[in-house]
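Note that the working numbering has the sequence shown beginning at 383, numbered continuously upward.
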Amino acid sequence: MSNLGSIAKKECVDLINSKIVLLGAAVLLLYVGVNLYEYHHALSSGLIKNIEFSSSVLSAMCTLTLYGSFFSVIIGFSSIANEKKNHALNTLIVKPLYRDTIINGKLLGACCFMSLVFGFALLIYVSGLLMLSGEYISTFILDFAAKIAFVYLLSLIYDLIFVTLSMTVAIIVDKQAIALIISTLIVEMFDFIVGVNVTQTISHIINSIMPVNMDAIEYFIVLLSPKGVIGLIINNSNIFSPIYGVCDVIGSLSSYVIRLCLYLFLSVIVCYMVFMRRDIV
């Protein structure tokens with residue numbers, strides 16, 4: 383356990399000291415600032431009287447997932463790239479450490495770092511909302527806090543998928559610039575898969591071979607991508623309305639959450655297998 387904690391601590395420190403990771407975190411906070419500015423502009427210009435409850439929760443999730451997936455790629459890439467550059471992985475591997483301890487520590491460190499960044503971003507976001515429309519939000523403050531906490535955990539699960547995928551790519555690909563490009567393309571590929579034209583084209587092809595329910599096929603294709611799953615949750619934004627409690631939200635979205643957890647589990651297993659068998663250079 384002491385070795386695991388030491389590696390996780392080292393991982394957090396390395397990520398904090400990484401310029402590209404800090405740049406990614408700064409852009410994430412900039413996104414939060416832009417959202418708050420847009421709310422401020424809408425309130426001051428009279429476009430809205432109060433910040434709408436469900437849209438404010440949804441906006442937090444969109445920021446942490448849609449941009450967060452790219453930020454996760456940066457974290458996963460940096461986690462391996464920095465070690466390869468300094469030949470630190472070779473040093474760790476020749477020490478009396480199991481490889482699974484190394485990868486566990488790196489995943490734990492990356493998770494802790496993301497938790498801190500996301501928590502800080504949400505703290506700024508919620509503080510800004512309370513300053514802009516505190517009287518309205520305070521009416522539902524407990525429900526609002528519970529749903530923000532749910533969004534926080536859901537976003538962590540979703541973004542950790544891309545952390546592990548980018549770590550896997552960085553382990554496999556020796557040239558780290560190419561590894562970063564491939565990891566970014568994976569994010570874009572998931573976007574491409576859930577595109578309307580792609581899902582409709584595939585469902586039409588399947589329907590031409592054998593008659594099927596095309597809507598069901600399109601839904602199935604969308605569920606194959608983590609981005610598709612999170613997109614379905616975003617499209618179901620009414621569930622974040624104050625008329626529904628947090629238990630209703632969890633119950634309604636439980637199948638999506640389980641699917642995201644499954645994708646995270648599979649991506650972690652793949653990362654483990656690659657790290658265990660791949661010669662690190």
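C-beta: ideal position from N, C-alpha, C; glycine also.
If you check the CB distance, residue 525 and residue 654 do not come in under 8 angstroms. Here residue 593 is exposed. Its C-beta has fewer than 16 other C-beta atoms within 10 Å. For residue 568, the closest of 402, 605, 451 and 387 by C-alpha to C-alpha distance is 451. One thing to note: residue 548 has its Cβ within 8 angstroms of the Cβ of residue 459.
Look at residue 592 here: in three-state DSSP terms it is coil, with no helix or strand label. Here the stretch 439-447 lies against the stretch 605-624, with 3 or more beta-carbon pairs under 8 angstroms apart.
For residue 557, there is no enclosing alpha helix (DSSP H), since its DSSP letter is neither H nor E. Within the same chain, and ignoring the five residues on either side of residue 572 in sequence, the residues whose Cβ sits closer than 7 angstroms to its Cβ are 607, 608 and 609. A residue is called buried once 16 or more other Cβ atoms fall within 10 Å of its Cβ, and residue 464 is buried on that count.
For residue 624, no alpha helix (DSSP H) run applies, since DSSP gives it neither H nor E. Per the coordinates, the alpha-carbon of residue 490 lies some 15 angstroms from the alpha-carbon of residue 500. Excluding five sequence positions before and after residue 558, the CB atoms of its chain that fall closer than 6 angstroms to its own CB belong to 463, given in chain order. Per DSSP, residue 420 is one residue of the alpha helix (DSSP H) stretching across 401-426. Residue 426 and residue 633 have their C-alpha atoms some 37 angstroms from each other. Between residue 658 and residue 441, the alpha-carbon positions lie close to 39 angstroms from each other. For the 8 angstroms CB-CB criterion, residue 611 and residue 621 do not form a contact.
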